[in-house]
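Engineer: Following this message is one structure expressed as structure tokens.
Given below as structure tokens:
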């Protein structure tokens, strides 16, 4: 099997020749590991089975002042602390101003400019489009988190209109992306925190579920795989996500869910991508503990397919290099899962 075939087999709950893997890093962690290995292309050097193309291209951001950038939706991001994403510093949308707000062009060629070279370079790997800030995340970055949550109760029709406009934008982007040789779409839309959902399941089912279902249906109808990323304790939504056609859930955080129990309950209908804690095991464990946990994850959750082993989020810079290397070596050295 090549990497692309291996990931597809796992998504389809077939036993691959080995558990597929994807190592990803924040900028700070990547710099440390690049220095350790003497390379600037970790995807190729580590032979990742999967690669990701982000539609949030640098060309779509405008630097306003050092450390502050404005995205195509007009949100100002403070990147003086978090260089990878940043923290919203200005929210451009007021409840009464939706009709006056101009959405960006979904067909802006800068969004797709890197795709031909990307897909050609990684033809043997599973090529995943990373579609961050899909519905809820984009809505609150436009409006402000407390304001949007209050709007869900006080002005639900306005929230419906905003999310419908965002869905139309997203569908136009997806339709354009489907013209390229990509294998899957990762819709990132954090709904949770460490103890549960940010808003109730009832509100999620009203505002998010039907719109996400349309996005997943569009992807699946085109023969591509549908991934969803949501940090936090959101496993109460797994039956709903399965119902609307989700193939793969990420980040599969052992800090907020029993990953082995999730495999037992849902592993025949849902594949998982992640599994290795970036909160506890990777930064605080010993190399020996990391190797043991990686092997256990692959042996138990990887059996029968349905698993892509990865850090539970991009590895942050506080992880010691020797711990990152221990994880990488344990996964890459595991070999065949079954004889």
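Numbering (the numbering used here), first residue to last: 73 to 411.
Every residue gets a Cβ at the ideal spot worked out from N, C-alpha and C, and that includes glycine.
As the structure is a computational prediction, the values presented were derived from the model and not from experiment.
Under 7 Å Cβ to Cβ from residue 76, same chain only, skipping five residues before and after it: list those, please.
Structural biologist: By one-based count along the chain shown, residue 76 stands at place 4. Excluding sequence neighbours, residue 76 sits near 196, 197, 198, 255.
Engineer: Is the segment 87-96 in contact with the segment 149-168, if contact means three or more CB pairs nearer than 8 Å?
Structural biologist: No, the segment 87-96 is not in contact with the segment 149-168.
Engineer: For residue 13 and residue 107, what's the separation of their Cα atoms in angstroms?
Structural biologist: Residue 13 falls outside the range modelled here, since the chain spans only 73 to 411, and no answer is possible.
Engineer: Is the number of C-beta pairs between the segment 126-141 and the segment 180-187 that are closer than 8 Å three or more?
Structural biologist: A contact exists between the segment 126-141 and the segment 180-187.
Engineer: For residue 383 and residue 348, which I take to be in contact (beta-carbon distance under 8 Å), what is that distance rounded to the nearest angstrom?
Structural biologist: Counting from one through the chain shown, the residue named residue 383 turns up at place 311. Counting from one through the chain shown, the residue named residue 348 turns up at place 276. About 5 Å; that satisfies the 8 Å criterion.
Engineer: Does the segment 225-245 come close enough to the segment 295-308 that 3 or more CB-CB pairs lie under 8 Å?
Structural biologist: As far as the Cβ criterion goes, the segment 295-308 does not touch the segment 225-245, which means the pair count is below three.
Engineer: Which same chain residues, not among the five before or five after residue 73, have their C-beta less than 8 Å away from its C-beta?
Structural biologist: In the chain shown, residue 73 corresponds to position 1, counting from 1. Around residue 73: 81, 88, 89.
Engineer: Have a look at the DSSP bridge pairing and note the partners of residue 322.
Structural biologist: On the chain shown, residue 322 is found 250 positions in, with the first residue counted as 1. Partner(s): 301.
Engineer: Taking its Cβ as the centre, do 16 or more other Cβ atoms sit within 10 Å of residue 410, making it buried, or is it exposed?
Structural biologist: Stepping through the chain shown from its first residue, residue 410 is reached at position 338. Residue placement at residue 410 is flagged as unreliable, the pLDDT there being 35, under the threshold of 50; the coordinate-derived value follows with that caveat. With fewer than 16 other Cβ atoms within 10 Å, it is exposed.
Engineer: Pull up the DSSP beta-bridge partners for residue 165, would you.
Structural biologist: The residue you call residue 165 lines up with position 93 of the chain shown. Bridge partners of residue 165: none, in fact.
Engineer: Between residue 355 and residue 388, what straight-line distance do the alpha-carbon atoms span, to the nearest angstrom?
Structural biologist: What you label residue 355 is simply residue 283 of the chain shown in a count that begins at 1. What you label residue 388 is simply residue 316 of the chain shown in a count that begins at 1. Residue 355 and residue 388: Cα-Cα distance of roughly 9 Å.
Engineer: Apart from the five residues just before and just after residue 385, which ones in its own chain have a Cβ nearer than 6 Å to its Cβ?
Structural biologist: The count along the chain shown starts at 1 and reaches residue 385 at position 313. Here the set comprises 323, 350.
Engineer: In whole angstroms, what separates the C-alpha of residue 358 from that of residue 367?
Structural biologist: Against the chain shown, residue 358 aligns to sequence position 286. Against the chain shown, residue 367 aligns to sequence position 295. If you take the alpha carbons of residue 358 and residue 367, they lie about 14 Å apart.
Engineer: How many whole angstroms separate the CB atoms of residue 238 and residue 201, which I take to be in contact at a CB cut-off of 8 Å?
Structural biologist: If you number the chain shown from 1, residue 238 lands on position 166. If you number the chain shown from 1, residue 201 lands on position 129. Actually they are not in contact, since the Cβ atoms of residue 238 and residue 201 sit about 17 Å apart, beyond 8 Å.
Engineer: Residue range of the alpha helix (DSSP H) that residue 282 falls in?
Structural biologist: The residue labelled residue 282 in the question sits at position 210 within the chain shown. First-last of the alpha helix (DSSP H) with residue 282: 281-293.
Engineer: With DSSP as the reference, label residue 149 as helix, strand or coil.
Structural biologist: For the purposes of this step, residue 149 is identified with residue 77 of the chain shown, where counting begins at 1. Strand at residue 149.
Engineer: To which residues of the same chain is residue 92 closer than 6 Å at the C-beta, ignoring the five residues directly before and after it?
Structural biologist: Within the chain shown, residue 92 is the residue found at index 20, counting from 1. Hits under 6 Å: 78, 79, 82, 121, 380.
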